[in-house]
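Quick note: the sequence shown uses my numbering, first residue 669, plus one each step.
Note that the Cβ used here is the ideal one computed from N, Cα and C, for glycine as well.
No experiment lies behind these values; they were computed from the predicted model shown.
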Amino acid sequence: MQQPWSTTRAILTGGALGGLLDILFAIGFAGYNGLPPERLLQVVASGALGKAAFTGGAPAAAFGLACHFALSFVWMGIFFFAARRIPALARKPLLAAVGYGLLVFFTMRLVVLPLSAFPRPVIFNAFSWGMDILSHIFLFSLPIVWATRKVLRAS
669 MQQPWSTTRA
679 ILTGGALGGL
689 LDILFAIGFA
699 GYNGLPPERL
709 LQVVASGALG
719 KAAFTGGAPA
729 AAFGLACHFA
739 LSFVWMGIFF
749 FAARRIPALA
759 RKPLLAAVGY
769 GLLVFFTMRL
779 VVLPLSAFPR
789 PVIFNAFSWG
799 MDILSHIFLF
809 SLPIVWATRK
819 VLRAS
């Protein structure tokens, strides 16, 4: 018989899987638009480092990747502890992923980026935002909801 998942395992698995799928999508989408992976990760790092991220080479890109995964684990923890207090949040996984994906996407675009050192204005591009919203729902939030449900169903 398989051991039930612990809170730690759920947060590590959901955060890592959601973060991995999201960054792979971002790297692929950026590549499609002519932006190499190192530059995309520097864009992520620019939220903390500002314009200096773009002259920081591979170390800045590695920092951007670390920041991305740190945020993934934070978002995973937020959903997990919210769903533990309000179990209805995880009862319908697709609905939960849609809601949480939208929440994460819009919080990052409209709150976190404007308050960070990100050196560019946040602009609206329907195609890019649409693709990114789908990524946040299916590639980022769905693994978070799935990992959360693994623990909540066992308890």
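query: For isoleucine 801 and leucine 770, believed in contact at Cβ under 8 Å, the rounded distance; result: 7 Å
query: The region 736 to 743 in contact with the region 681 to 699 per 3-pair CB rule at 8 Å; result: yes
query: Nearest residue (CA-CA) to leucine 680, options Tyr768, Phe697, Leu757 and Gly745; result: Gly745
query: Cβ distance (whole Å) where methionine 636 is taken to contact phenylalanine 697 below 8 Å; result: Outside the modelled stretch of the chain, which goes from 669 to 823, sits residue 636, for which no answer is possible.
query: Proline 789 (DSSP reduced to helix, strand or coil); result: coil
query: Start and end residues, alpha helix (DSSP H) containing proline 672; result: Neither: proline 672 is in no alpha helix (DSSP H) and is coded neither H nor E.
query: For serine 784, the first and last residue of its enclosing alpha helix (DSSP H); result: First-last for serine 784: undefined, no H or E at that position.
query: CA-to-CA distance, alanine 713 to serine 784, given in whole angstroms; result: 10 Å
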